[in-house]
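Presented below is the structure to which this report refers.
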Amino acid sequence: MLQLSELYRYPIKSCAGETLAEASLGALGVQGDRRWMVVDAETGRFLTQRLLSQMTQLHARWQGDGALHVSAPGMPELEIAVPGADDNLKGVTIWRDTLEVPDAGDQAAKWFSDWLQRPCRLVQVPDARARHVINAYPKYAQAEDRVAFADGFPLLLIGQASLDDLSRRVGRPLSMLRFRPNLVVAGAEPYAEDSWKRIRIGEMELRVAKGCARCIMTTLDPETGERSEDREPLTTLMTYRKRDDGIYFGQNLVPCGEGRLVTGMPVEVIE
Numbered sequence: 474m475l476q477l478s479e480l481y482r483y484p485i486k487s488c489a490g491e492t493l494a495e496a497s498l499g500a501l502g503v504q505g506d507r508r509w510m511v512v513d514a515e516t517g518r519f520l521t522q523r524l525l526s527q528m529t530q531l532h533a534r535w536q537g538d539g540a541l542h543v544s545a546p547g548m549p550e551l552e553i554a555v556p557g558a559d560d561n562l563k564g565v566t567i568w569r570d571t572l573e574v575p576d577a578g579d580q581a582a583k584w585f586s587d588w589l590q591r592p593c594r595l596v597q598v599p600d601a602r603a604r605h606v607i608n609a610y611p612k613y614a615q616a617e618d619r620v621a622f623a624d625g626f627p628l629l630l631i632g633q634a635s636l637d638d639l640s641r642r643v644g645r646p647l648s649m650l651r652f653r654p655n656l657v658v659a660g661a662e663p664y665a666e667d668s669w670k671r672i673r674i675g676e677m678e679l680r681v682a683k684g685c686a687r688c689i690m691t692t693l694d695p696e697t698g699e700r701s702e703d704r705e706p707l708t709t710l711m712t713y714r715k716r717d718d719g720i721y722f723g724q725n726l727v728p729c730g731e732g733r734l735v736t737g738m739p740v741e742v743i744e
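So this is what it looks like as structure tokens:
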């Protein structure tokens with residue numbers, strides 16, 4: 474039987490993962506997931522582990538709709554209030570999308586600038602200012618599909634058996650958090666999720682949109698931030714998961730409505 478074995482949230486884009494036992498889902502995915510982002514203070518361009526590997530050590534905890542709690546090595550812990558939806562708007566860029574979102578204020582900006590040793594700002598995206606997926610992925614999205622600060626889609630799913638198979642090929646165990654999924658499904662064959670089009674978890678239906686192309690971030694150890702000298706797991710993935718436009722591992726999903734997920738729930742492949 475297929476079941477939801479793990480649930481994760483990443484309150485700040487590119488921060489460490491937060492393990493959950495249960496979570497509410499809406500149009501933007503897991504509640505509180507990737508609703509915050511660190512950007513360059515001058516250009517407004519998004520900053521991630523691709524450039525700053527120390528972001529693996531940034532721990533953020535979603536405190537509901539009122540606040541965000543952050544901690545990092547050598548830094549005092551800080552609680553940051555959620556700004557108003559139209560307060561201190563700042564123009565930011567994430568991939569090809571540009572949008573205006575609320576800035577979290579000077580105290581948060583100083584904290585992140587001091588820690589990352591570069592001028593930056595922290596921004597937050599309210600529901601009404603979320604991006605439209607169809608702008609970047611017209612072939613795979615519907616007009617109403619939206620996303621916060623995740624790269625492309627509201628949710629990412631990986632099968633546990635797929636990771637187990639990859640670990641066997643690489644020759645050492647790999648952490649699921651290298652791949653930053655929201656949902657992990659156990660009980661399927663390796664890469665079974667490649668063929669799914671629609672699934673149900675509990676009472677919640679989700680549409681499988683497209684495979685997830687992987688990047689250099691997967692070579693970072695999520696515990697230490699150190700990069701694999703052998704460029705694993707990308708090196709191995711390239712030998713059997715490469716297509717013309719990328720190296721694929723995991724599936725991007727879009728929620729069909731709202732609901733609540735709990736680890737251990739049965740997963741049904743509808744289509």
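Heads up: the sequence shown at position 108 corresponds to 581 in the working numbering, and the numbers run straight through without jumps. Glycine included, every Cβ here is placed at the ideal spot set by N, Cα and C. Computed from a predicted structure; not experimentally measured.
Residue closest to residue i, alpha-carbon to alpha-carbon, out of the options
i             : options                        : result
valine 473    : Tyr481, Arg700, Trp669, Arg645 : Any property of residue 473 remains undetermined from this structure, which presents the chain solely from 474 to 744.
leucine 551   : Lys563, His532, Trp568, Arg569 : His532
glycine 675   : Ala623, Val735, Thr516         : Val735
glycine 502   : Glu678, Cys593, Ser701, Asp703 : Glu678
threonine 492 : Ile689, Glu479, Pro549, Ile485 : Glu479
Span separating the alpha-carbon of residue i from that of residue j
i                 : j                 : result
valine 643        : cysteine 488      : 25 Å
arginine 534      : lysine 715        : 35 Å
valine 512        : valine 565        : 7 Å
alanine 661       : glutamine 633     : 8 Å
tyrosine 610      : asparagine 725    : 12 Å
aspartate 570     : leucine 520       : 14 Å
alanine 494       : histidine 542     : 19 Å
phenylalanine 652 : methionine 548    : 26 Å
serine 586        : proline 592       : 5 Å
threonine 709     : arginine 733      : 36 Å
arginine 641      : phenylalanine 722 : 15 Å
aspartate 638     : proline 663       : 7 Å
Those residues which DSSP pairs with residue i across a bridge
i                 : result
leucine 686       : Before going further, note that residue 686 is alanine rather than leucine in the sequence given. Tyr721, per the DSSP bridge assignment.
phenylalanine 519 : Val512
aspartate 570     : Ile567
glycine 438       : A query on residue 438 cannot be resolved here, the shown segment of the chain reaching from 474 to 744 and no further.
threonine 492     : Tyr481
Opening and closing residue of the alpha helix (DSSP H) in which residue i lies
i             : result
threonine 708 : 707 to 713
leucine 636   : 633 to 643
Host beta strand (DSSP E) of residue i (start-end)
i             : result
alanine 582   : Unbroken run through alanine 582 is the alpha helix (DSSP H), 579 to 589; no beta strand (DSSP E).
glycine 499   : 495 to 499
cysteine 593  : 593 to 597
valine 740    : 740 to 742
glutamate 479 : 476 to 482
alanine 609   : No beta strand (DSSP E) holds alanine 609; DSSP gives it neither H nor E.
glutamate 552 : 551 to 554
Does the segment 622 to 638 come into contact with the segment 600 to 610, if we say contact requires no fewer than three beta-carbon pairs (one atom in each stretch) closer than 8 Å? yes
Examine the Cβ distances between the segment 590 to 602 and the segment 489 to 509 and report whether three or more of them are shorter than 8 Å. yes
Would you call the segment 700 to 720 and the segment 635 to 649 in contact, with 3 or more CB pairs under 8 Å? yes
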